[in-house]
Amino acid sequence: MDLRSLNVDLSDLNNVNVQELANGPLPVKIALAVVLAALIVALGWWFGWRDQAAQLERVQMREQELRSTFELRAERAANLEAYEEQLERMQASFGTMLRQLPSRAEVAKLLVDISQTGLSAGLEFELFQPDREVQRDFYAELPVRIRVRGDYHQFGDFVSGVANLPRIVTLHNLDIRPTDNELTMELTARTYWYLEEDSGR
């Protein structure tokens, strides 16, 4: 845009008399004040407030992060007693379960208890074969392959009796098939012992 086409001579701006503007009509004074105020605000924003606004935004975001962290920690602190009680219950439960794991020396007696439970239920054993032990993180397990003959009630009595043993024994791969006038049940019983106790013996 060519200022000359507007017939404006910029040299006329040098001849502006501020005194005349101050004594001029009220609308001119207001317009001049508004333009001057807008110019000051724009320059202030450009040279100083813009950086401060960005810094303020960063500080507000950091405040939110800190507030969230504080609220999380305050919640944990408020629930600390409940967490400690839960930990005590878990430790007691773990201790109870560990007491149900036999020592290595007690495994032989447990195997006898399993076979006695089957005989007490009236079952006839065809196979009772301990396999190789399997080492886990803090315990070992001993699978025992079992094949017995009997009827459903006897099988139920046997399974119930094994479940009531004072040590942990789990039954896996149950398979019941008819043979002659009876039923045959094959399964794997697994017993476990705590390795740390075992290593101290």
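Per full-length UniProt numbering, the sequence shown starts with residue 1, numbered consecutively.
No residue lacks a Cβ here, since even glycine has one placed at the ideal position from N, Cα and C.
Compare the C-beta of residue i with all C-beta atoms of chain D and state if any pair is closer than 9 Å.
{"i": "G161", "result": "Looking for chain D here will not work: only one protein chain is present."}
For residue i, I'd like the list of residues in its chain whose CB is within less than 6 Å of its CB, leaving aside the five on either flank, ordered along the chain.
{"i": "V169", "result": "V162, A189 and T191"}
{"i": "T144", "result": "It should be noted that the sequence gives Val, not Thr, for residue 144. These residues qualify, in order along the chain: P130 and A189."}
What would DSSP say about residue i, mapped onto helix, strand or coil?
{"i": "P27", "result": "helix"}
{"i": "A189", "result": "strand"}
{"i": "L123", "result": "coil"}
{"i": "E197", "result": "Its pLDDT being 48, under 50, E197 is placed unreliably by the model, and nothing is read from it."}
{"i": "L3", "result": "In this prediction, L3 scores a pLDDT of 45, lower than 50, which makes its location untrustworthy; the coordinate-derived value is nonetheless stated afterwards. L3: helix per DSSP, three-state reduction."}
{"i": "P178", "result": "strand"}
With distances taken from CA atoms, which of the options is nearest residue i?
{"i": "R187", "options": "T179, N181 and F155", "result": "Contrary to the premise, residue 187 reads as Leu rather than Arg in this sequence. For the residues T179, N181 and F155, the minimum Cα distance to L187 belongs to F155."}
{"i": "D175", "options": "R136, M185 and N164", "result": "M185"}
{"i": "W193", "options": "R136, N181 and L119", "result": "R136"}
{"i": "P130", "options": "T117, S68 and L110", "result": "L110"}
{"i": "A140", "options": "V159, D157, V107 and A121", "result": "V107"}
Apart from the five residues on each side of it in sequence, which residues of its chain come closer than 7 Å, Cβ to Cβ, to residue i?
{"i": "D113", "result": "L165"}
Who are the Cβ neighbours of residue i in its own chain at under 8 Å, not counting the five residues just before and after it?
{"i": "L183", "result": "R149, G150, D151, Y152, F155, I176 and R177"}
Checklist entry - What are the complete alpha helix (DSSP H) segments, minimum 4 residues, inside the stretch 126-174? => result 152-163
Checklist entry - What alpha helix (DSSP H) runs, 4 residues minimum, are completely inside the stretch 44-70? => result none
Checklist entry - Quick check: the stretch 118-133 against the stretch 146-160, are there 3 or more CB pairs under 8 Å? => result yes
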